[in-house]
Amino acid sequence: MDIDTEAVLEAAGTKWNFLPFRPGLVGGHCIGVDPYYLTFKAQEIGYDPRVILSGRRLNDSMGSYVAGKLLREIDSRNFNSENITVLIMGLAFKENCPDVRNTKVIDIVTTLEESKISVDVYDPLIDPGECKQEFDISPIKVLEKNHYDAIILAVAHDSFKPLGEKSLRKLLKNNGIIYDLKYLLNNNESDMRL
299 MDIDTEAVLE
309 AAGTKWNFLP
319 FRPGLVGGHC
329 IGVDPYYLTF
339 KAQEIGYDPR
349 VILSGRRLND
359 SMGSYVAGKL
369 LREIDSRNFN
379 SENITVLIMG
389 LAFKENCPDV
399 RNTKVIDIVT
409 TLEESKISVD
419 VYDPLIDPGE
429 CKQEFDISPI
439 KVLEKNHYDA
449 IILAVAHDSF
459 KPLGEKSLRK
469 LLKNNGIIYD
479 LKYLLNNNES
489 DMRL
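Per the working numbering, the very first residue in the sequence shown carries number 299; after that it's consecutive.
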């Protein structure tokens, strides 16, 4: 319907008991993994936990969904497909946390790399050694100006919030794309949102 998700959440937030759950990449252990223990036990005693399993399937597909939307946008803009570079800002499984265990951001990285896209990951909170060991990724330490075809704002670390649209656009080549998964920017400041 081409309705902005944040606008829907803001309207729904006028109800006193509304809980503002946002779409995104749910990683970690509590929500990302533990429901599988519950569904295993439920099935063991003869219950079919369809709602839980449906939610898990949806979450497990979000990384490839996000990457697919970006790939379609890149294709529609006729970028030089030989050397497309994407910057992913944030690899931790949640905001303001250095933990990369069970991060769903890695699914975006994997899907883009399978499509022959060069991916840089920037996350000042994570341990580069753990990232290298866990995912064979060496996060960049310095953001390079006029270098990226697209930026994905994947994790809303507080340190990313002050950057703003102007600073992010300076990192992009002409016609570059900002894909804001976490509503760090206003709707009119990004090219794509979740």
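Glycine included, C-beta positions come from ideal geometry on N, C-alpha and C.
| Query | Result |
| --- | --- |
| Residues near L492 in its chain [Cβ-Cβ closer than 6 Å; skip 5 each side] | P321 and L479 |
| Pair within 7 Å by beta-carbon distance, D456 and N394 | yes |
| Delimiting residues of the beta strand (DSSP E) encompassing L466 | Not the beta strand (DSSP E): L466 falls in the alpha helix (DSSP H), residues G462 to L469. |
| Check whether G330 and N400 have beta carbons under 7 Å apart | yes |
| Enclosing alpha helix (DSSP H) for T337 [first to last residue] | D332 to E342 |
| Residue burial classification, D405 (beta-carbon count within 10 angstroms, cutoff 16) | buried |
| 4-residue-minimum alpha helix (DSSP H) runs that sit fully inside the region 312 to 395, ordered along the chain | 332 to 342 and 348 to 374 |
| Alpha carbon of R370 to alpha carbon of K402, nearest angstrom | 20 Å |
| I404 (DSSP reduced to helix, strand or coil) | helix |
| Collapsed DSSP secondary structure at A310 in the structure displayed | helix |
| Extent of the continuous beta strand (DSSP E) to which Y420 belongs | S416 to Y420 |
| Inter-residue CB distance, I449 and L385 (contact presumed, cutoff 8 Å) | 5 Å |
| Spatial neighbours of L470 in its chain, beta-carbon cut-off 6 Å, leaving aside the 5 residues before and after | Y446 |
| Range covered by the alpha helix (DSSP H) that runs through E428 | P426 to F433 |
| Alpha-carbon to alpha-carbon, I475 and V453 | 17 Å |
| Backbone CA spacing between P347 and K339 [nearest angstrom] | 10 Å |
| Bridge partner(s) assigned by DSSP for D478 | L451 and R491 |
| Exposed unless 16 or more other CB atoms sit within 10 angstroms - verdict on M299 | exposed |
| When E428, G325, N472 and F319 are compared against K392, the one with the closest alpha-carbon | G325 |
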